[in-house]
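Down below is the structure, laid out as structure tokens.
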Amino acid sequence: MISVFGSANMDLVAYVAQAPRPGETVTGREFRTIPGGKGANQAIAAARAGAGVAFLGAVGDDAFGPGLRAALAEAGVDTAGLRVVPGPSGVAHIVVEDGGDNSIIVVPGANGAVTGPAGRDAETIARSDALLLQLELPMDAVVAAAHVPRGVSSGAEVILTPAPAAPLPAELLEAVDLIVPNEHEAAALTGRDDPRDALEALLGLVPEAVVTLGARGALYGSRDGTRLHEAAVPVRAVDTTAAGDTFAGALAVARTEGAGPARALRFASAAAALSVQREGASTSMPHRHEIDRLLEGL
Numbered sequence: 001m002i003s004v005f006g007s008a009n010m011d012l013v014a015y016v017a018q019a020p021r022p023g024e025t026v027t028g029r030e031f032r033t034i035p036g037g038k039g040a041n042q043a044i045a046a047a048r049a050g051a052g053v054a055f056l057g058a059v060g061d062d063a064f065g066p067g068l069r070a071a072l073a074e075a076g077v078d079t080a081g082l083r084v085v086p087g088p089s090g091v092a093h094i095v096v097e098d099g100g101d102n103s104i105i106v107v108p109g110a111n112g113a114v115t116g117p118a119g120r121d122a123e124t125i126a127r128s129d130a131l132l133l134q135l136e137l138p139m140d141a142v143v144a145a146a147h148v149p150r151g152v153s154s155g156a157e158v159i160l161t162p163a164p165a166a167p168l169p170a171e172l173l174e175a176v177d178l179i180v181p182n183e184h185e186a187a188a189l190t191g192r193d194d195p196r197d198a199l200e201a202l203l204g205l206v207p208e209a210v211v212t213l214g215a216r217g218a219l220y221g222s223r224d225g226t227r228l229h230e231a232a233v234p235v236r237a238v239d240t241t242a243a244g245d246t247f248a249g250a251l252a253v254a255r256t257e258g259a260g261p262a263r264a265l266r267f268a269s270a271a272a273a274l275s276v277q278r279e280g281a282s283t284s285m286p287h288r289h290e291i292d293r294l295l296e297g298l
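In the UniProt record's numbering, the protein residues as written are 1 to 298.
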């Protein structure tokens, strides 16, 4: 089982030919309201990729809360750990250009009320094979969750997506087994613009690292000396929103199934390639049979 301790946001998505510059107004071609949030996205991605998944987080008591819960449940995610707090749910304002690039503004809402594992969250994490974390919850909450497996002899592997990019405290890094930034986040964390140099710097902080490179694939490294580059599956991107979350969720599934680094990267890359060909965040994430079929054809 995979536990995801993270954010749930309602994505307010506008599709335009080109995003407006400061002070400019443009006409969009479409608007959608889509359940998202990095935590919820990774939970849905992992569930659709074949894992049993439990989501731990919070939504508000507003109109968006029930929709976020329903989206997770529909994907087969256990929402017993999704609590309701007073006030608005988290939202993300997303502008998607016709070329597939996007820009995002996140307003935390209920996610900001999460101070750490609550209720039976720690028990759920302790039963898990992997714990997925991101940085859309308060840092203290993320640190607290990351340390739960350290108190269990067969604790979950802790996988961190350091997004939105922020300085990572030592107490978090010491609990992380695998870090999965994109190349921009890796550069922000290490001060090194070259992804391969950033990968080496990350391995000074955690045992394993994956740096995603978009259409150029992904790099993997571990302290045992393994270095890999997995090429991306060539596709025409329609919307790259949540491609990184799809990659992280699928990567966790492959690792919990015992896949080695090369196979896990390939599986995650296939899932991400499928997701960018569809619009939306959670709505774009592929099911296991789709990933397997794509891999069979490569």
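Don't be surprised by glycine CBs; every beta carbon is placed ideally from N, CA and C.
- Gln42 sits buried, since 16 or more C-beta atoms from the chains shown fall within 10 Å of its C-beta.
- When rounded, the separation of the alpha-carbon atoms in Met139 and Ala242 is 21 Å.
- Within the model, the alpha-carbon separation for Leu294 versus Ala254 is close to 15 Å.
- Taking a C-beta distance under 9 Å as the contact criterion, Pro162 and Leu199 do not qualify as a contact pair.
- Here Phe5 is near Leu131, since their CB atoms are less than 9 Å apart.
- Collapsing the DSSP output to three states places Val176 in coil.
- Contact check between the stretch 22-36 and the stretch 110-119: fewer than three CB pairs, one atom from each, fall below 8 Å, which does not count as touching.
- The Cβ neighbour count for Gln134, taken over all protein chains shown within 10 Å, is at least 16; the residue is labelled buried.
- No Cβ-Cβ contact shorter than 9 Å links Ala218 with Glu208.
- In the pairwise beta carbon analysis, the stretch 79-89 is classified as touching the stretch 58-65: at least three pairs are separated by under 8 Å.
- The continuous stretches of beta strand (DSSP E) do not include Val26, and DSSP gives it neither H nor E.
- Per DSSP, reduced to three states, the secondary structure at Met139 is helical.
- Spatial neighbours of Ser222 in its own chain (CB-CB distance under 6 Å, excluding positions within 5 residues in sequence) are listed in chain order as Glu208.
- Taken through DSSP and simplified to helix, strand or coil, Val148 comes out as coil.
- The secondary-structure analysis by DSSP pairs Arg83 across a beta bridge with Ala58.
- Taken through DSSP and simplified to helix, strand or coil, Ser284 comes out as helix.
- Counting along the chain, the unbroken alpha helix (DSSP H) around Arg196 starts and ends at Pro195 to Leu202.
- Of the other Cβ atoms in all chains shown, fewer than 16 fall within 10 Å of the Cβ of Glu123; this residue is therefore exposed.
- Where Arg21 is concerned, there is no enclosing beta strand (DSSP E), because DSSP gives it neither an H nor an E.
- Beta bridge pairing from DSSP links Leu132 with Val4 and Ile159.
- The count of Cβ pairs closer than 8 Å, one atom from the stretch 66-83 and one from the stretch 48-56, reaches three, so the stretches are in contact.
- Look at Pro35 here: in three-state DSSP terms it is strand.
- DSSP places Ala209 inside the beta strand (DSSP E), whose first and last residues are Glu208 to Thr212.
- In the structure shown, the three-state DSSP call for Val276 is coil.
- Here Leu178 has Ile159 and Glu208 as same chain residues with Cβ atoms under 6 Å from its own Cβ, once five neighbours each way along the sequence are excluded.
- At least 9 Å separates the beta-carbon of Thr212 from that of Val238.
- Inclusion of Ala201 and Ala156 in the CB contact set at 9 Å is not warranted, their separation being larger than that value.
- As computed with DSSP, Ser269 is found in no beta bridge at all.
- Here the alpha carbon of Leu12 sits roughly 6 Å from the alpha carbon of Ala92.
- Nearest neighbour of His147 by Cα position, chosen from Asp224, Glu174 and Pro167, turns out to be Glu174.
- When the alpha-carbon of Gly249 is set against those of Val16, Ala40, Ala46 and Tyr15, the nearest one is in Ala46.
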